[in-house]
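Numbering (our numbering), first residue to last: 813 to 993.
Below: one structure, written as structure tokens.
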């Protein structure tokens, strides 16, 4: 029977500024990953009009992201185990950011849907490796618990903020919903 172990403290103590930068990067990505699940909902009618999306195409704008994000989370965590959590996190954030830019610059529905799928892949790698970084960077106890709570809080905030921010940005342009990433 395989056992479960909790990672201990990091091999060397990290300065509070390094820990602060780490938690800002990790929770910022958690915020963006969940925000992108909801920010698009409000912008869909404008996207449909501008890109000529069918009702099915409009559904795929959301589904492509959610399906790849949720469907590849376990694989994303395994990628972090294989190549290192920091490298995987940075790669996931990079893929997510580039795909977000592609979404914001999309000239047709097919490109938007494909970019949303790639965006979900980036989030699927960044999200679990971000949590693994918290577990391996912060010592067991209050600091780790606080970092995990901040990460979870950002997920909730991102879900709600996405709807509000999506409405505000769509007044200017639906493309801003992606370009803010």
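The beta-carbon is built from N, C-alpha and C at its ideal position, and this holds for glycine as well.
As the structure is a computational prediction, the values presented were derived from the model and not from experiment.
Buried or exposed, going by whether 16 or more other CB atoms sit within 10 Å of the CB of residue 830?
exposed
What did DSSP end up calling residue 919 once you bin it into helix, strand or coil?
coil
Would you mind listing the alpha helix (DSSP H) stretches within the segment 849-921 that are 4+ residues and don't spill past its ends, in chain order?
867-883, 885-895, 897-917
Is the beta carbon of residue 949 less than 7 Å from the beta carbon of residue 834?
yes
Apart from the five residues just before and just after residue 846, which ones in its own chain have a Cβ nearer than 6 Å to its Cβ?
967, 970, 971
Can you confirm whether residue 899, when its beta carbon is compared against all beta carbons of chain B, has any partner nearer than 7 Å?
Absent here is chain B; the protein component of the structure consists of one chain.
Continuous alpha helix (DSSP H) stretch holding residue 971: start and end:
954-984
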